[in-house]
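Residue 372 is where the sequence shown starts when you use our numbering, and the numbers rise one by one after that. Input: a single structure, listed below in structure tokens.
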Amino acid sequence: MSMGMLSLLAVVPIFSVFLFLVILRWPANKAMPLSLLITAVMSYGVWKVPLTDILAASVKGVVSALEVGVIVFGAILLLNMLKESGAVYTIRRGFMGITPDRRIQAIIIAWFFGSFLEGAAGWGSPATVIAPLLVAVGFPALASVMVALIIQSTPVSFGAVGTPILTGVGTGLNGSDLVDKHITTLGTTYERYLIDIGGQVAIIHSIAGIFIPLFLVAMLTKFFGEKKSFREGFAVWKFALFAGFSFTVPYMLVAVFLGPEFPSLIGGLVGLAIVIPAVKKGLFVPKESWDFEHKEKWSKEWSGTLQIKNEKPSRFISPLLAWVPYIIVAVLLVMTRVNFLPFSSWLKSWKVGVDHLFGSEIGFSTVPLNIPGVVFLLTSFIVFFLHKMEWKRAKKAIGESGKTVSAAMVALIFSVPMVQVFINTGGSLEGYISMPLTIAEGISGVFNENWPLISPAIGALGAFVAGSNTISNMMFALFQFGVADNIGATPSVIVALQAVGGAAGNMICVHNVVAASAAAGLAGKEGSLIRKLLLPMTFYVFITGVAGYMILYGMGFNIGTLLFGGIVAGLIITIILQTRKTRVYEKEERKSI
């Protein structure tokens, strides 16, 4: 069978997900079982993958889904414990004390705190923490999940102390004669080469990441504002760009000069240290605050089962005591993930796994104590004593959390196995390469020297189907390296574009959407979220592809500079037009008064 026909057939499982979730708008718990069935049929019927391999991949997926379930349950339990103790009331008042503007709150909580959590934990866990936290401070559940997933982009490549680079790219390239020959020619070491790739990843990310806070607030006001207007989001463009630079500059410097372990973590912390004092002083903050309509006017689909009432609790929790649980989470995540401390190796020694499931080459390995959800559970236990909670309130928090997670597990139990079946089709009896690589091979034959423009999209595809930037890099890093060698491009730049795209794909990967939705008490809206998130994800892979093209082929007159000039001009014109509309609207408002 020709590569072109195989590529079209390999797209069928991905298309089925988009058809059911995005086009037909089915809930994930209905769409993903059917998508799993279609993927299994394609794997067995076309790729001739043995049934034992399909079954083994499915079991591996179930184990991964249970790991995600632990993260979701832990994140929800922590928030419910804080709700029942009265800490959420204090946290909400604290954010209102910094600024009542929901646009600014979204940037501080999601962009900075979320990026810090991503740098410490990874696994998609930041969205499961940020989404319910936003609900707690007064955001609609649907808006909370959307905002939490938009930031699953720039910081992701350096999540879990650099795992997508060190493990993802490192494993993907390791052992290749082509890579070893190239590194020898450069006169460097493999470790130094990975650090250099990480630096390029950060530089490319920063070009797009500067605009993510602006995208975030514009989409917030467009989909959840009373006037359904991008204009109200663009009204804070100065602060949004300031927030973008406050994160990306330290993030990029750390990646280039220190390595891939801490860019997102330090970028988030430094950004918070810069931005919060600036907000308190009113720097770049608009005079008029923006808020959602009264809750009674919200669309029914905006709200989930997670309900946070803004009622004064019976017992006052101080601001410091209210935030201590999140500080504990951050400290424990860092302590258990940096290699120079003994905790990481100790936790990883508790491993459960099987090497050859059902006699296949597929196995699974899980490190239960190293799952971020365990940190959330431990912190929830600490909260019980720290906030001197009554047992009946803790019991209520546990019960509500269990109900919320159980609703999401049906979707997760089918979506993650579907991914594993899809990516484990390399054992084809027909000798075909795996479905993801088949799609990539088919696309590469079309773009040739223009490959840098599409390279991030391949990374995003990998993350969408695998739910992980790390796995996307494992799958495609060597392929991207080979394409770069074939077209005469610098391989490290193309591999960096792969890692950048793999991060952007996390915005729309199904199990991240399902997990974040569950954490916010939202179910059945996965398709609606993916439709919205396609906009920032497409922008991200497009602008980074253009940036990569210019890095490779220079700043002269070429397709890269033309496209980049068009993007910048479009953004400037949009900001100017939206700013003028805001001034006209404010003038009319004053006249009517």
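For glycine and all other residues, C-beta sits at the position ideal for the given N, C-alpha and C. Since the model is a prediction, treat every value here as computed from it, not as a measurement.
{"Item": "Coarse secondary structure for residue 468, derived from DSSP in three states", "Value": "helix"}
{"Item": "Top-ranked residue by Cα proximity to residue 935, from 951, 923, 916", "Value": "916"}
{"Item": "Residue 723 - DSSP class collapsed to helix/strand/coil", "Value": "strand"}
{"Item": "C-beta atoms of residue 535 and residue 840 nearer than 8 Å", "Value": "yes"}
{"Item": "Which of helix, strand or coil DSSP assigns to residue 970", "Value": "Shown here, the chain extends from 372 to 964; a query on residue 970 therefore has no answer."}
{"Item": "Whole-angstrom C-beta distance between residue 889 and residue 779, which should lie under 8 Å", "Value": "3 Å"}
{"Item": "Proximal residues to residue 867 (C-beta, below 7 Å), its chain only, five neighbours per side dropped", "Value": "568, 571, 572, 575"}
{"Item": "N- and C-terminal bounds of the alpha helix (DSSP H) containing residue 616", "Value": "608 to 628"}
{"Item": "Buried or exposed by the 16-neighbour rule on C-beta atoms within 10 Å, applied to residue 678", "Value": "exposed"}
{"Item": "Cβ contact check for the region 919 to 937 and the region 548 to 568: 3 or more pairs under 8 Å", "Value": "no"}
{"Item": "For residue 487 and residue 474, the rounded distance between their alpha carbons", "Value": "19 Å"}
{"Item": "Selection from 389, 427, 723 that minimises the alpha carbon distance to residue 730", "Value": "427"}
{"Item": "Runs of alpha helix (DSSP H) lying entirely within the region 501 to 528, each at least 4 residues, in chain order", "Value": "512 to 521"}
{"Item": "Euclidean distance between Cα positions of residue 720 and residue 500", "Value": "27 Å"}
{"Item": "Limits of the unbroken beta strand (DSSP E) element including residue 737", "Value": "735 to 737"}
{"Item": "6 Å Cβ shell around residue 472 - same chain, five flanking residues per side excluded", "Value": "660, 661"}
{"Item": "Candidates 698, 810, 516, 856: closest to residue 673 by CA position", "Value": "516"}
{"Item": "Best match in 481, 759, 393 for proximity to residue 498 [C-alpha to C-alpha]", "Value": "481"}
{"Item": "Best match in 386, 816, 580 for proximity to residue 373 [C-alpha to C-alpha]", "Value": "816"}
{"Item": "8 Å Cβ cutoff met for residue 826 and residue 872", "Value": "yes"}
{"Item": "Cβ neighbour criterion (16 or more within 10 Å) applied to residue 402", "Value": "buried"}
{"Item": "Spatial distance of residue 838 from residue 494 (CA atoms)", "Value": "9 Å"}
{"Item": "Residue ranges of each alpha helix (DSSP H) within the region 421 to 485, 4 or longer", "Value": "422 to 456, 458 to 469, 473 to 477"}
{"Item": "Contact under 8 Å by Cβ, residue 716 with residue 709", "Value": "no"}
{"Item": "Same chain, Cβ closer than 7 Å to residue 541, five either side skipped, listed in chain order", "Value": "565"}
{"Item": "Segment limits, alpha helix (DSSP H) that includes residue 548", "Value": "548 to 557"}
{"Item": "Whole-angstrom distance between residue 774 and residue 658, CA atom to CA atom", "Value": "42 Å"}
{"Item": "Cutoff 6 Å; reference residue 854; Cβ partners in own chain excluding five residues on either side", "Value": "815, 822"}
{"Item": "Environment of residue 807 [buried if 16+ CB atoms lie within 10 Å]", "Value": "buried"}
{"Item": "Euclidean distance between Cα positions of residue 884 and residue 712", "Value": "33 Å"}
{"Item": "Burial state of residue 951, where buried means 16 or more other Cβ atoms lie within 10 Å", "Value": "exposed"}
{"Item": "Span of the alpha helix (DSSP H) around residue 891", "Value": "Premise fails: residue 891 is in no alpha helix (DSSP H) and is neither H nor E."}
{"Item": "Terminal residues of the alpha helix (DSSP H) in which residue 848 lies", "Value": "840 to 858"}
{"Item": "Reduced DSSP secondary structure (H/G/I, E/B, other) of residue 869", "Value": "helix"}
{"Item": "Outcome for residue 926 when other beta-carbon atoms lying within 10 angstroms are tallied against a minimum of 16", "Value": "exposed"}
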